[in-house]
Amino acid sequence: MNQRARKHLFVFISVITLGSLVLGSQVLAKDSLPDIGDYADDGFGMDLSAYFLCNFGYHKVGVGAGALFAYPVFPSGFIQNPEYRDALHVEGGLDFFRWGWTVESQSVSLMAFAPQIGVRYAVYLSEVIAPFVSVKIGASFAMADGVDDKTRFFWSTSAGLLWDFVDFASLRAEFGWGYYRDILRVGVLFRL
Numbered sequence: 000m001n002q003r004a005r006k007h008l009f010v011f012i013s014v015i016t017l018g019s020l021v022l023g024s025q026v027l028a029k030d031s032l033p034d035i036g037d038y039a040d041d042g043f044g045m046d047l048s049a050y051f052l053c054n055f056g057y058h059k060v061g062v063g064a065g066a067l068f069a070y071p072v073f074p075s076g077f078i079q080n081p082e083y084r085d086a087l088h089v090e091g092g093l094d095f096f097r098w099g100w101t102v103e104s105q106s107v108s109l110m111a112f113a114p115q116i117g118v119r120y121a122v123y124l125s126e127v128i129a130p131f132v133s134v135k136i137g138a139s140f141a142m143a144d145g146v147d148d149k150t151r152f153f154w155s156t157s158a159g160l161l162w163d164f165v166d167f168a169s170l171r172a173e174f175g176w177g178y179y180r181d182i183l184r185v186g187v188l189f190r191l
């Protein structure tokens, strides 16, 4: 798949994911929506995210999984208006991803374990929708067929959306760019 086709696929997946999040929140009846006041009146707490990821770098689309634990640094955020709740979290975790491709009729694969730490800032624009941005750094431990293992430091920036579908969990979708090129993460954030 060439780079242009990958970008089109990414845009398509992003539009479908974000569109379904926004439309899904509008379709739900008001009575069935989670009440943000039940879990954020005194500020946001710790959370744990688990997700699948697609990486659009290197020669093919890589796939993997990861998890992030977040601790609130400013649980009540910076905005004083209770209509727009916000919070700044420090989050750290681990991503694992794998790519595979063929070179001169030989299969080649690359796997990477990437522990990371960073910050995430989210603002609730409605009762259930919160866009967020994050910045992370980490060390990547990469293993490839026929190549020496490499450890590299990496950075990543991302923007995403949280959709609270129940009081204790949110759907988390984010797109990031950094050392490992374009990464799409889709998963669930659980409030602890």
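Counting with numbering that gives the first Met the number 0, you get residues 0 to 191 for the letters of the sequence shown. The C-beta atom is built at its ideal place from N, Cα and C for all residues, glycine as well.
Which listed residue (the options) has its alpha carbon closest to that of residue i
i, options, result
"A141", "L109, A66, T101", "L109"
"L67", "R180, E173, Y178", "E173"
"M45", "V72, E126, V60, G76", "V72"
"V62", "R84, T101, R97, A49", "R97"
"L160", "R151, R184, D148, D144", "R184"
"G137", "D148, D144, A64, A113", "A113"
"Y70", "V118, N80, D85", "V118"
"A162", "P130, G175, V134", "Here residue 162 is Trp; the residue named in the question, Ala, does not match the sequence. Nearest of P130, G175, V134 to W162, Cα basis: P130."
"P81", "C53, V134, S125", "S125"
"F95", "S104, V102, A111", "A111"
"L52", "S104, D85, L93", "L93"
Beta-carbon contacts of residue i that lie in its chain and below 8 Å, excluding the five residues immediately before and after
i, result
"A168", "V187, L188, F189, R190"
"K59", "M0, W98, G99, W100"
Residues of its chain near residue i, where Cβ-Cβ distance is below 6 Å and the 5 sequence neighbours each way are ignored
i, result
"I116", "G91"
"A158", "V132"
"V26", "With a pLDDT of 48 at V26, under the threshold of 50, the modelled position of this residue cannot be trusted; read the value that follows with caution. Excluding positions up to five away in sequence, the list is empty."
"D144", "V107, S108"
"R151", "S139"
Residue i CB to nearest heavy atom of the ligand ATP below 8 Å
i, result
"L87", "No copy of the ligand ATP appears in this structure; indeed no ligand is present at all."
Chain-order list of residues whose beta-carbon lies under 7 Å from that of residue i (same chain, five-residue window excluded)
i, result
"A28", "In this prediction, A28 has a pLDDT of 43, which is less than 50 and means its spatial position is unreliable; what the coordinates show is noted afterwards. Nothing meets the Cβ criterion."
"G177", "F153, W154, S155, T156"
"V134", "G117, V118, T156"
Integer-rounded CB distance, given that residue j should sit under 8 Å from residue i
i, j, result
"Y120", "L87", "5 Å"
"R171", "Y50", "6 Å"
Run of the beta strand (DSSP E) containing residue i, from where it starts to where it stops
i, result
"S133", "128-143"
"P114", "105-122"
"Y50", "46-54"
"E90", "85-102"
"E173", "168-177"
"F68", "61-73"
"L188", "180-190"
Cβ-based burial, residue i [other Cβ within 10 Å; buried from 16]
i, result
"Y83", "exposed"
"S106", "exposed"
"S48", "buried"
"V127", "buried"
"K149", "exposed"
"I78", "exposed"
"I182", "buried"
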